[in-house]
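The next block holds one structure in the form of structure tokens; read it before the comments.
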Amino acid sequence: MDFLIEWVTNIILFILLATIIDMLMPNSAMQKYTKIVTGLLLIAIVLSPILKLISNDFEETLASIPALEAYSNGENSKSLLESQKKEIQETQHAYILEQMAVQLKKDAEEELMNQFGYKIAGISIAAKKADGQGLPEHIDEVSLQLAEPEQEAQAIKTVEVINIQTTRSSQEKPANKQVDEVRAFLASKWQVPAENIVIAIEGGMNKGGQ
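In this note's numbering, the protein residues as written are 68 to 277.
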């Protein structure tokens, strides 16, 4: 507001000063040049606010306007809230998957050991969450790391292998069959499609769903 008053005052004073000079000047060719110069100076005074706006930093000028500043702060706050909301949802989703993995292991571990002689060394779940919710929409994949009990593993080490090639050849098909049986058992136990279950056995080749 002060700047506007100062600007209008300068214009009025300049016009008065130019009028007085024009009255004092005699009628001559010099009076024409004086009017031209006076007109140019008047234009410069009128345009001074625009020239000042261009010369100053544009962002600082916008920030000095309360309405724009408030709008900018509002947009930043909205963006921050959205970011925090997304972070909370991601944390909640990860926690739910972790608890689901613990429950799946608890439900199947004892029967898995009794029927197949394997323990679950590690388990992880991949699932997409429903829109706007932390709960999984469906399970995309269950990855398992199976291991034999330590006592059985130590007993196997004491067996003398005479022909490695023959042993591997004879055991490969039964091992694959057993993995398929384990996968079918877990699919029935957990109500998850067998093709979504990936199994890896420690000390052997990884066995994934086809």
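From the three backbone atoms N, C-alpha and C, an ideal C-beta is built for every residue, glycine too.
Note that the structure is a prediction, hence the values are computed from the model and not measured.
Cα-Cα, which of the options is closest to residue i?
{"i": "V265", "options": "Q212, K256 and Q245", "result": "Q212"}
{"i": "I112", "options": "K186, A193, A254 and V75", "result": "V75"}
{"i": "F252", "options": "N243, L179, I79 and L164", "result": "L179"}
{"i": "K172", "options": "A85, L71, L84 and A254", "result": "A254"}
{"i": "F81", "options": "I103, L108 and I72", "result": "L108"}
{"i": "V104", "options": "A85, W257, E73 and S115", "result": "A85"}
{"i": "A267", "options": "N243, D207, I78 and K256", "result": "N243"}
Suppose contacts are defined by Cβ-Cβ distances below 9 Å. Is residue i in contact with residue j by that definition?
{"i": "A175", "j": "E269", "result": "no"}
{"i": "N143", "j": "V209", "result": "no"}
{"i": "E157", "j": "K186", "result": "no"}
{"i": "T101", "j": "I88", "result": "yes"}
Using DSSP with H/G/I as helix, E/B as strand and the rest coil, what is residue i?
{"i": "V259", "result": "coil"}
{"i": "G106", "result": "helix"}
{"i": "E269", "result": "coil"}
{"i": "E215", "result": "coil"}
{"i": "T86", "result": "helix"}
{"i": "E239", "result": "Reliability fails at E239, whose pLDDT of 49 lies under 50, so the model's placement of it is uncertain and no value is given."}
What number of angstroms, rounded off, separates the C-alpha of residue i from the C-alpha of residue j?
{"i": "K195", "j": "S150", "result": "19 Å"}
{"i": "Y162", "j": "E248", "result": "30 Å"}
{"i": "A168", "j": "K152", "result": "25 Å"}
{"i": "L147", "j": "H205", "result": "30 Å"}
{"i": "Q182", "j": "Q245", "result": "11 Å"}
{"i": "Q170", "j": "R250", "result": "17 Å"}
{"i": "E165", "j": "S191", "result": "7 Å"}
{"i": "Q159", "j": "P260", "result": "25 Å"}
{"i": "E154", "j": "K145", "result": "14 Å"}
{"i": "S115", "j": "L83", "result": "18 Å"}
{"i": "L71", "j": "N77", "result": "10 Å"}
{"i": "W257", "j": "G184", "result": "19 Å"}
{"i": "I110", "j": "I79", "result": "13 Å"}
{"i": "G106", "j": "L91", "result": "17 Å"}
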